[in-house]
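Contents: one structure, followed by commentary.
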Amino acid sequence: MAFDPAPNRDPSGNERWMVLGAFVFGVVALVAIVIDDYQPAKLAPVFMLLAWFPLIALHELGHLLAARALGWEVREMVIGFGSEIARFTVGGLPVRLKMYPIAGWVTPVPTTLRGVRWRSALVYLAGPLVELTLVLVLLGVIGWDEMLSRTDRVGVIAAQGVALAALLDVISNLIPRSAQTEHGWSHTDGLGALRALSR
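Residue 147 in this note's numbering sits at position 147 of the sequence shown, with consecutive numbering throughout.
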């Protein structure tokens with residue numbers, strides 16, 4: 001059986017605060033929109049929250065596609081932590097969805113050790129790169145001026161919220177840091193890429 005960095009368990013430690021923080025942020029954002037004068041700009045936090053799960057899936061898809069492009073096998077893709085809520089197969093790949101969609105991972109397996117260090121670094125960097133590509137596409141479609149301006153156009157506000165959420169995820173994933181879990185150390189993509197290249 002493959003190593004599962006987040007088995008069927010309730011979140012603990014920092015994970016619990018992340019889930020609680022996301023929930024509180026969402027409630028506060030929705031209450032602010034309903035109580036205060038409605039202005040379309042106030043929808044940005046809602047779009048950021050709505051984009052979170054698809055961005056995690058896109059991020060993990062980036063890792064998966066990079067691993068496969070480099071000739072590696074990918075054993076599974078997991079979105080979330082905690083209890084498993086769904087399991088299905090896409091193109092022969094097992095996909096698991098878990099209760100708390102605050103992170104995810106893929107399980108790539110090298111098919112050869114030739115170039116394994118740089119290939120591993122590329123797989124790590126592919127998740128943030130695909131999100132950064134989404135931001136650049138949104139900038140290209142909407143334009144710099146519109147993307148960085150206050151507007152009442154809900155479509156532009158949605159793009160701004162998605163782009164901001166993606167940028168925050170890119171930054172948080174590229175900052176080299178690790179955390180101790182009950183199964184050992186887990187690290188961000190930035191630290192993973194650095195460790196892959198320095199081994």
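Beta carbons are placed, not taken as given, at the ideal position from N, Cα and C, and that holds for glycine.
Quick one: what's got a C-beta closer than 6 Å to residue i's C-beta in the same chain, skipping five residues either side?
{"i": "Leu-196", "result": "According to the sequence shown, residue 196 is Ala rather than Leu. Hits under 6 Å: Arg-117, Ser-120, Ala-121."}
{"i": "Val-78", "result": "Arg-96, Gly-104, Trp-105"}
For residue i, which option in the options has the closest C-alpha, if you only look at C-alpha atoms?
{"i": "Tyr-100", "options": "Ala-22, Arg-199, Gly-190, Thr-151", "result": "Ala-22"}
{"i": "Ile-56", "options": "Leu-139, Leu-134, Pro-108", "result": "Leu-134"}
{"i": "Trp-52", "options": "Leu-174, Phe-25, Ala-179, Ser-198", "result": "Phe-25"}
{"i": "Ala-166", "options": "Ala-86, Pro-54, Leu-113, Gly-143", "result": "Pro-54"}
{"i": "Ala-103", "options": "Val-28, Ser-198, Ala-193, Ser-186", "result": "Ser-186"}
Assign residue i to buried or exposed, taking buried as 16 or more other Cβ atoms, counted over all protein chains shown, within 10 Å of its Cβ.
{"i": "Glu-73", "result": "exposed"}
{"i": "Phe-3", "result": "With a pLDDT of 41 at Phe-3, under the threshold of 50, the predicted position of this residue should be treated as unreliable, though the coordinate-derived value follows. Classification of Phe-3: exposed, given that the 10 Å Cβ count is below 16."}
{"i": "Ala-66", "result": "buried"}
{"i": "Leu-136", "result": "exposed"}
{"i": "Val-123", "result": "buried"}
Quick check: residue i and residue j, are their CB atoms within less than 8 Å of each other?
{"i": "Val-106", "j": "Leu-64", "result": "yes"}
{"i": "Arg-150", "j": "Ala-41", "result": "yes"}
{"i": "Gly-155", "j": "Pro-176", "result": "no"}
{"i": "Gly-62", "j": "Leu-129", "result": "yes"}
{"i": "Ala-86", "j": "Leu-97", "result": "yes"}
{"i": "Ala-193", "j": "Leu-113", "result": "no"}
Please return the same chain residues whose Cβ sits closer than 8 Å to the Cβ of residue i, not counting the five positions on each side in sequence.
{"i": "Ser-218", "result": "A question about residue 218 goes unanswered here, because the residues of the chain that appear run from 1 up to 199."}
{"i": "Val-109", "result": "Trp-72, Glu-73, Val-74, Arg-75"}
{"i": "His-59", "result": "Gly-104, Gly-127, Pro-128, Val-130, Glu-131, Asp-169, Asn-173"}
{"i": "Leu-204", "result": "It is not possible to answer for residue 204, since the shown part of the chain is limited to 1 through 199."}
Once you ignore the five residues that flank residue i on each side, which residues in its own chain have a CB closer than 7 Å to its CB?
{"i": "Phe-47", "result": "Ile-157, Ala-158, Gly-161, Val-162"}
{"i": "Val-170", "result": "Pro-128, Glu-131, Leu-132"}
If you measure from the CB of residue i, is any heavy atom of the ligand MN nearer than 7 Å?
{"i": "Val-95", "result": "Of ligands this structure carries none, so the ligand MN is not represented either."}
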